[in-house]
Amino acid sequence: MKRTPTWRRTAVAAVLSLALGGMAACGGDESAEDTSSASAQLEEQADDETGQDDDLEAGEPVPEDDFVALVTAAFEDATSASMTMTTETSGMSISADGVLDYTAKTPAMRMTMRSEEIGDEPIEMIMVDNVMYMQVPDLGGKYLSMDLDEPGNPLGPMMTDSMDPSKQAEMMRAGLESVTFVGEEDVDGESMERYSATLDPSAALEGMQGMQGVPRSMMPEQMQSDTWFDDDGRVRRMVIEMGELGSTEMRMDDWGADVDIEAPPPGQVTTMDDMMGSMTQMS
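Counting with mature numbering (1 follows the signal peptide of the UniProt record, and there is no 0), you get residues -24 to -1, 1 to 259 for the letters of the sequence shown.
This is the structure we're talking about:
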């Protein structure tokens, strides 16, 4: 029972980062034609609108709508990727790694989270067919399943909205205050293009189900989100500064690699009702 508030803070921080970062989108078939860089796509948009051929320069502001379209396009033909994430929030340091698959009707995820503040044992999270499975301590190795489509599930609306590209676009556009093209940078020996955005988190989350009850006092007045795109226009790195709430860094690599994400065997799965029933029998 003592861990529950920690899990809730962790879930809020993780979902907040994913939601405001616009990292989730429904997948499609990988496109071999769209391999232009992020800045080239923006320049092409500008050329179509003005008829001029202007190169995007470092330090130049980017229209909010163009940046939203850029992030959305990065995931329109997404297939699969590996992911690493570190989060500092509420006095906790959380690290996570896993894989993502955008090719199914609803995105799938397998992720392992670790934190000294939560405990020595890692927490494994699997999401398949809109069902979340969490292997947490004290369950004897079993996974606690949560149907995200089930009415009344507090995590359901947050997770489904964070995986809905239309919701992502709406939230990002509602919260964006400014975007700047920082320029090209070397990231672990690879040239990437960096964009820096300032967001109003309250405005961005206003329409997100399950987040309306989060007190504004818990959120900073502004958030800073930096996004790095590779030469193919794919999101590869994101750093989100959330003020007193903490910060999150995410890396997405190995785009298109084979991933294996499956639900745990039925014998290894339990539900909250099963847990409550067992506790009643023990009493």
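Ideal Cβ positions, reconstructed from N, Cα and C, are used throughout, including at glycine.
> Rounded to a whole number of angstroms, what is the C-alpha to C-alpha distance between residue 248 and residue 125?
Replying inline: Stepping through the sequence shown from its first residue, residue 248 is reached at position 272. Stepping through the sequence shown from its first residue, residue 125 is reached at position 149. Spanning the two alpha carbons is a distance of roughly 15 Å.
> Buried or exposed: residue 236, going by 16 or more other Cβ atoms within 10 Å of its Cβ?
Replying inline: To locate residue 236, count along the sequence shown from 1; it is residue 260. The residue is exposed, with fewer than 16 neighbouring Cβ atoms inside 10 Å.
> With C-beta atoms as the reference, is residue 151 less than 7 Å away from residue 114?
Replying inline: As a first step, residue 151 must be located in the sequence shown, where it is residue number 175. As a first step, residue 114 must be located in the sequence shown, where it is residue number 138. It is not a contact, given that the beta carbons lie outside the stated cut-off.
> Going by the beta-carbon positions, is the gap between residue 227 and residue 204 smaller than 7 Å?
Replying inline: As a first step, residue 227 must be located in the sequence shown, where it is residue number 251. As a first step, residue 204 must be located in the sequence shown, where it is residue number 228. Against a cut-off of 7 Å, the Cβ pair of residue 204 and residue 227 comes out as no contact.
> Can you tell me the Cα-Cα spacing of residue 97 and residue 90, whole angstroms?
Replying inline: Stepping through the sequence shown from its first residue, residue 97 is reached at position 121. Stepping through the sequence shown from its first residue, residue 90 is reached at position 114. Roughly 7 Å between the two C-alpha positions.
> By Cβ distance, which residues of its chain are closer than 6 Å to residue 154, with the 5 residues on each side in sequence left out?
Replying inline: Your numbering for residue 154 matches position 178 in the sequence shown. Answer for residue 154: 174, listed in chain order.
>> To the nearest angstrom, how far is the alpha carbon of residue 212 from that of residue 232?
In response: Position 236 of the sequence shown, counted from the start, is the residue given in the question as residue 212. Position 256 of the sequence shown, counted from the start, is the residue given in the question as residue 232. One C-alpha to the other measures close to 13 Å.
> What are the boundary residues of the alpha helix (DSSP H) that includes residue 178?
Replying inline: Translated into positions along the sequence shown, residue 178 becomes position 202. Note, residue 178: alpha helix (DSSP H), 177 to 181.
> Nearest-angstrom Cα distance between residue 156 and residue 122?
Replying inline: The sequence position of residue 156 within the sequence shown is 180, counting from 1. The sequence position of residue 122 within the sequence shown is 146, counting from 1. The straight-line gap from Cα to Cα measures roughly 40 Å.
> For residue 103, is the beta carbon positioned less than 6 Å from some heavy atom of the ligand GDP?
Replying inline: Looking at this structure, you won't find the ligand GDP or any other ligand, since it has none at all.
> How big is the Cα-Cα spacing for residue 198 and residue 215?
Replying inline: Locating residue 198 in the sequence shown gives position 222, where the first residue counts as 1. Locating residue 215 in the sequence shown gives position 239, where the first residue counts as 1. The straight-line gap from Cα to Cα measures roughly 14 Å.
> Out of 74, 116, 82, 238, which has the shortest C-alpha to C-alpha gap to residue 246?
Replying inline: For the purposes of this step, residue 246 is taken as residue 270 along the sequence shown, with counting starting at 1. Minimum Cα distance to residue 246 is reached at 116.
>> Comparing C-alpha positions only, which one of 52, 64, 88 sits nearest to residue 79?
In response: Here the question's residue 79 lines up with position 103 in the sequence shown. For the residues 52, 64, 88, the minimum Cα distance to residue 79 belongs to 52.
> If you run the structure through DSSP and keep just helix, strand and coil, what is residue 213?
Replying inline: In the sequence shown, residue 213 corresponds to position 237, counting from 1. It is a strand residue.
> If residue 196 and residue 168 are in contact, beta carbons under 8 Å, what's the gap, nearest whole angstrom?
Replying inline: In the sequence shown, the residue the question calls residue 196 occupies position 220. In the sequence shown, the residue the question calls residue 168 occupies position 192. Not confirmed; about 26 Å, so no contact.
> Would a C-beta distance cut-off of 7 Å place residue 34 and residue 159 closer than the cut-off?
Replying inline: Stepping through the sequence shown from its first residue, residue 34 is reached at position 58. Stepping through the sequence shown from its first residue, residue 159 is reached at position 183. Cβ atoms of residue 34 and residue 159: closer than 7 Å.
> Measuring CA to CA, which of 86, 64, 119 is closest to residue 94?
Replying inline: Taking the first residue of the sequence shown as 1, we reach residue 94 at position 118. Selected option, being the one with the closest Cα: 64.
> Which of helix, strand or coil does DSSP assign to residue 241?
Replying inline: In the sequence shown, the residue the question calls residue 241 occupies position 265. Of the three classes helix, strand and coil, the one that applies to residue 241 here is coil, per DSSP.
> Do you know how far the Cα of residue 45 is from the Cα of residue 38?
Replying inline: By 1-based counting over the sequence shown, the position of residue 38 is 62. By 1-based counting over the sequence shown, the position of residue 45 is 69. About 11 Å.
>> My parser needs the beta strand (DSSP E) runs of 3 or more residues fully inside the stretch 25 to 78; what are they?
In response: 56 to 65, 68 to 77
> What are the residues that DSSP puts in a beta bridge with residue 156?
Replying inline: Here the question's residue 156 lines up with position 180 in the sequence shown. Answer by DSSP bridge pairing, in chain order: 37, 172.
> How is the beta strand (DSSP E) around residue 204 delimited, first residue to last?
Replying inline: Against the sequence shown, residue 204 aligns to sequence position 228. Per DSSP, residue 204 belongs to the beta strand (DSSP E) from 199 to 205.
> Starting from residue 95 and walking both ways along the beta strand (DSSP E), at which residues does that stretch end?
Replying inline: The residue you call residue 95 lines up with position 119 of the sequence shown. First-last of the beta strand (DSSP E) with residue 95: 95 to 104.
> Whose C-beta lies closer than 7 Å to the C-beta of residue 7 among residues of the same chain, with five residues either side of it excluded?
Replying inline: As a first step, residue 7 is located in the sequence shown; it is residue number 31 there, counting from the start. With a pLDDT of 38 at residue 7, under the threshold of 50, the modelled position of that residue is not reliable, and no figure is offered here.
> Taking just the CA atoms, how far does residue 57 sit from residue 178?
Replying inline: The count along the sequence shown starts at 1 and reaches residue 178 at position 202. The count along the sequence shown starts at 1 and reaches residue 57 at position 81. When rounded, the distance between both Cα atoms is 30 Å.
> Is it buried or exposed for residue 83, if we count other Cβ within 10 angstroms and need 16 for buried?
Replying inline: In the sequence shown, residue 83 corresponds to position 107, counting from 1. Classification for residue 83: buried.
> Hey, quick one: how far does the beta strand (DSSP E) through residue 84 stretch, first residue to last?
Replying inline: Along the sequence shown, one-based indexing puts residue 84 at 108. Run containing residue 84: 84 to 91, per the beta strand (DSSP E) assignment.
> Is the distance from the Cβ of residue 99 to the Cβ of residue 86 below 7 Å?
Replying inline: As a position in the sequence shown, residue 99 is number 123, starting the count at 1. As a position in the sequence shown, residue 86 is number 110, starting the count at 1. No, Cβ-Cβ distance for residue 99 and residue 86 is not below 7 Å.
> Under a Cβ-count criterion, where at least 16 other Cβ atoms within 10 Å of its own Cβ denotes burial, should residue 69 be classed as buried or exposed?
Replying inline: Residue mapping note: residue 69 aligns to position 93 of the sequence shown, counting from 1. With fewer than 16 other Cβ atoms within 10 Å, it is exposed.
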